[in-house]
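Student: Numbers given in our numbering equal positions in the sequence shown, counted from 1, plus 3. C-beta: ideal position from N, C-alpha, C; glycine also. Computed from a prediction, not measured in an experiment: that's the story for all the values here. There's a structure below that I have some questions on.
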Amino acid sequence: MGESKVAIVTGSARGIGKAIAMKFAKDGYDVVISDILQDVAEQTAKEIEELGQKALVIVADVSKAEDAERLINETVNAFGRLDVLVNNAGITRDNLAIRMKENEWDMVLNINLKGTFLCSQAAAKYMMKKRTGRIVNIASVSGILGTAGQANYASSKAGVIALTKALARELGPRNITVNAVAPGYIITEMTEKLPDKVKEEYLSQIPLKRGGTPEDVANVVAFLASDAASYVTGTTLIVSGGLVM
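Written out as structure tokens, the structure reads:
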């Protein structure tokens with residue numbers, strides 16, 4: 004056995020991020036769990052170690068450049084390498100546009116879009132020297148469709164899709180691929196809080212007639228990070244059960 008590859012997953016204490024981290028561990032990666040929820044992150048790290056892989060918890064606020072840089076530096080110091088960055092950290096602060104407060108706009112854009120940029124920028128500096136790497140950004144069908152009550156979130160995720168393309172063009176010559184995954188209606192703690200009426204509305208529009216699981220997203224992220232996807236870059240894979248075609 005050679006040394007394990009290393010993946011950072013931001014916002015990976017729970018939900019989709021946790022499923023992605025667990026999938027990488029099952030595929031033989033050592034994983035960095037980065038989140039602001041330290042206790043929950045430590046628990047996820049334990050579960051990864053139970054699978055026989057190393058896990059490191061780094062508490063970081065991705066919307067701060069110094070935290071993003073520290074995340075990359077501490078990873079490389081601990082493991083000696085960085086192969087994959089998954090930008091999953093994200094929040095919602097839903098409101099109708101006419102009622103949306105400026106700080107609801109700023110918080111969502113700062114974490115979802117600026118955070119993705121800052122972490123990618125820090126990782127790219129390292130990956131460019133190594134002339135190899137994978138960056139996978141978690142977008143959303145909201146960034147393709149636009150969702151009422153989510154002007155901030157939809158804008159941030161559309162931004163992530165555009166950022167993915169720009170980075171793919173810049174980093175391609177150094178053998179670094181940059182792709183996005185756009186989940187649809189996925190059953191997580193975040194979506195479980197939605198009113199039943201909203202859930203039924205979603206399900207009525209999904210040809211596969213079910214919500215997705217965090218693992219459905221994780222499997223696609225793992226594919227984009229793998230050698231099987233070495234000729235895929237600048238693309239957004241939609242994981243929505245047919246909600247968006």
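From the DSSP secondary-structure annotation, give me the bridge partner or partners of Leu-59.
Tutor: What you label residue 59 is simply residue 56 of the sequence shown in a count that begins at 1. Answer by DSSP bridge pairing, in chain order: Val-35.
Student: Which first and last residues belong to the alpha helix (DSSP H) in which Thr-180 is found?
Tutor: Locating residue 180 in the sequence shown gives position 177, counting from the first residue. Looking at the DSSP string, Thr-180 is not in any alpha helix (DSSP H); the run it does join, the beta strand (DSSP E), is 179-186.
Student: The beta strand (DSSP E) spanning Asn-90 covers which residue range?
Tutor: Sequence index remark: in the sequence shown, residue 90 carries index 87 (1-based). Looking at the DSSP string, the run of the beta strand (DSSP E) that includes Asn-90 is 87-90.
Student: Whose C-beta lies closer than 7 Å to the C-beta of Arg-96 among residues of the same chain, with five residues either side of it excluded?
Tutor: As a working note, residue 96 is residue 93 in the sequence shown. Here the set comprises Glu-107, Met-110, Val-111, Asn-155.
Student: If you reduce the DSSP assignment to three classes, tell me which class Met-4 lands in.
Tutor: By one-based count along the sequence shown, residue 4 stands at place 1. Note that Met-4 scores a pLDDT of 47, beneath 50, so its modelled location is shaky; the value from the coordinates is reported in the next line. In the structure shown, Met-4 sits in coil (DSSP, three-state: anything other than H, G, I, E or B).
Student: What number of angstroms, rounded off, separates the C-alpha of Lys-212 from the C-alpha of Tyr-129?
Tutor: Walking along the sequence shown from the start, residue 212 turns up at place 209. Walking along the sequence shown from the start, residue 129 turns up at place 126. About 43 Å.
Student: Could you compute how far the alpha carbon of Lys-160 sits from the alpha carbon of Leu-197?
Tutor: Counting from 1 along the sequence shown, the entry for residue 160 is found at position 157. Counting from 1 along the sequence shown, the entry for residue 197 is found at position 194. When rounded, the distance between both Cα atoms is 20 Å.
Student: Start and end of the beta strand (DSSP E) containing Val-9?
Tutor: Counting from 1 along the sequence shown, the entry for residue 9 is found at position 6. Note, Val-9: beta strand (DSSP E), 9-13.
Student: Between Val-87 and Ala-228, which are expected to be in contact by the criterion C-beta below 8 Å, what is the C-beta distance as a whole number of angstroms?
Tutor: Position 84 of the sequence shown, counted from the start, is the residue given in the question as residue 87. Position 225 of the sequence shown, counted from the start, is the residue given in the question as residue 228. Contact flag correct, Cβ pair sits at about 5 Å.
Student: Give every residue of the same chain whose Cβ lies closer than 7 Å to the Cβ of Ile-147, excluding the five residues on either side of it in the sequence, and list them in chain order.
Tutor: Position 144 of the sequence shown holds residue 147. So the qualifying residues of the chain are Ala-185, Val-247.
Student: Drop a sphere of 10 angstroms on the beta-carbon of Met-4, count the other beta-carbons inside from all chains shown, and report buried for 16 or more, exposed for fewer.
Tutor: Position 1 of the sequence shown holds residue 4. Residue confidence for Met-4 is low, a pLDDT of 47 falling below 50, so the modelled location carries little weight; the figure read from the coordinates is stated next. So Met-4 ends up on the exposed side.
Student: Helix, strand or coil, according to DSSP, for Thr-191 in the structure here?
Tutor: Position 188 of the sequence shown, counted from the start, is the residue given in the question as residue 191. Coil, per DSSP.
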